[in-house]
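J.: Residue numbers (the numbering used here): 9 to 106.
1) When you compare only the Cα positions, how much space is there between residue 35 and residue 71?
2) I'd like to confirm something about residue 49: is its beta-carbon nearer than 7 angstroms to some heavy atom of the ligand ADP, or not?
3) How far does the beta strand (DSSP E) with residue 46 in it extend, from its first residue to its last?
4) Identify every residue that forms a DSSP beta bridge with residue 1.
5) Per DSSP, what kind of secondary structure is residue 93 in: helix, strand or coil?
6) Quick check: the stretch 66-81 against the stretch 14-27, are at least 3 beta-carbon pairs closer than 8 angstroms?
7) Kindly indicate which three-state DSSP category residue 29 falls into: helix, strand or coil?
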């Protein structure tokens, strides 16, 4: 396994709100949210294994789905991505009333 950072596209379909929120927070820690349930991570392969293990602990694999797609080296990742419209996604901060 190489120590060079690589690009990974991670998409999920998770039914439980709490679980989905935990997975999103894990992915936000390591990467950039491109769309609501799609993230771009630029990490070393060993870190990607850690991310996968964290997500595996969160999901119910009988109903949830997470897809990990390796995009190659960082330069290959940047060359391979093409966006239409705005790039990235900004999470809405919704105030909580207590």
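By construction, the Cβ of each residue, glycine as well, lies at the ideal position given by its N, Cα and C atoms.
T.: So, to answer that:
1) Straight-line Cα distance between these residues: approximately 20 angstroms.
2) Looking at this structure, you won't find the ligand ADP or any other ligand, since it has none at all.
3) Its beta strand (DSSP E) spans residues 46-51.
4) The question about residue 1 has no answer here: the residues shown for the chain are numbered 9 through 106.
5) DSSP places residue 93 in coil when its eight states are reduced to three.
6) Touching, per the Cβ criterion.
7) The three-state secondary structure of residue 29, taken from DSSP, is helix.
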